[in-house]
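Numbering (UniProt numbering), first residue to last: 1 to 276.
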DNA sequence: ACCGGCTCCTGAAGGC
DNA sequence: TGCCTTCAGGAGCCGG
């Protein structure tokens, strides 16, 4: 499932080819994503040139002179380049046929089996789009840190694990990295957010940054997958300390990792390393 | 303002 | 062996 590191890796992978490329054609085979792909998307993009590829939270922002293409990978979405005339496979929902600057035509192909992703168009500045306007700070930016985390959790009785996944507080911390960061900070996911001390928040903010930065670094090695017609781009298996390890031994102390449910999500923790 | 629950969808996993 | 059921998950949205 694409978390922020996968989206960042995807951005870095597609950006060199996509930037300054001209969109020659847009094929939407299935418009039924999380929200309908706008019917006029093809007419809007055809003939236009990509000016920039950026990321905000888990949204990829493909900038044009007249607006922004907003792409979200949802749970199972992926982007890759394929040669022109490559037959689409099941779940290949959208193609951008591109003439990259100084290179042969190629196709940016979007696959998304579960169709939780999104392809949207926004004519104004992307930061004013309703989906982006109320987002919290980027976790790897200086705007996010212990002080911010402390301040925004003071009135939150919700569990810290759920607070971390609230995009209004901080973006890009999904289920996997919320669990992992809490483990490394020694904080149990069920603790009410407002019960975290300044020190807890400082430690937790640092482990969030470290865990995400490390995953992005690991993702760099998969960038080669973007250039060929090859396999799945950007997703990388890492060694997790708690996520998905219910019943297994803690890598630090050997205690048995516990799984619980919090707000329709799986949480995992070590009862010894995360005492409360 | 806050918070819990629902929802979209399909592949994978589990049970008999 | 195979079919049927259950479940996970990002995150917006709605109702209390």
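Note that beta-carbon positions come from the ideal geometry of N, C-alpha and C, so glycine has one too. Owing to the predicted nature of the structure, the values given are computational and were not obtained by experimental measurement.
Close CB contacts of residue 207 within its chain, under the 7 Å cut and outside five residues either way in sequence, are with 181, 184 and 185 (chain order). According to DSSP, residue 268 shares a beta bridge with 259. Of the candidates 121, 100 and 33, 121 places its Cα closest to the Cα of residue 43. A straight line joining the alpha-carbon of residue 124 with that of residue 246 spans about 46 Å. With respect to the 8 Å criterion, residue 193 and residue 168 are not classified as neighbours on the basis of their beta carbons.
Distance from the CA atom of residue 129 to the CA atom of residue 72, rounded to whole angstroms, is 14 Å. Collapsing the DSSP output to three states places residue 64 in a strand. Just measuring C-alpha positions, the residue of 59, 189, 106 and 262 sitting nearest residue 21 is 106. Going by DSSP, residue 110 is part of the beta strand (DSSP E) stretching over 106 to 111. Comparing C-alpha distances from residue 8 to each of 33, 78, 24 and 45 shows the shortest one belongs to 78.
Ranked by Cα distance from residue 135, the options 157, 173, 98 and 110 are led by 173. The criterion of a C-beta distance shorter than 8 Å is not satisfied by residue 239 and residue 249.
Spatial neighbours of residue 55 in its own chain (CB-CB distance under 7 Å, excluding positions within 5 residues in sequence) are listed in chain order as 7, 8, 11 and 61.
Taking 3 residues as the shortest admissible run, the stretch 109 to 170 contains the following complete beta strand (DSSP E) segments, listed from N- to C-terminal end: 118 to 122. Per DSSP, residue 184 is one residue of the alpha helix (DSSP H) stretching across 175 to 185.
Scanning its chain for C-beta atoms nearer than 8 Å, with the 5 sequence neighbours on each side dropped, one finds around residue 153 the residues 160, 163, 169, 193, 194, 196 and 201, in chain order.
Only residues of its own chain outside the window of five on either side were considered, and among them 173, 174, 175, 178 and 265 have a CB closer than 8 Å to the CB of residue 165, listed in chain order.
Measuring C-alpha to C-alpha distances from residue 204 to each of 190, 145, 27 and 137 identifies 145 as the nearest. For the pair residue 90 and residue 2, the CB atoms are not nearer than the 8 Å cut-off. Ranked by Cα distance from residue 93, the options 219, 215, 31 and 84 are led by 31. Within the model, the alpha-carbon separation for residue 258 versus residue 273 is close to 12 Å. Rounded to the nearest angstrom, the gap between the Cα atoms of residue 253 and residue 261 is 23 Å.
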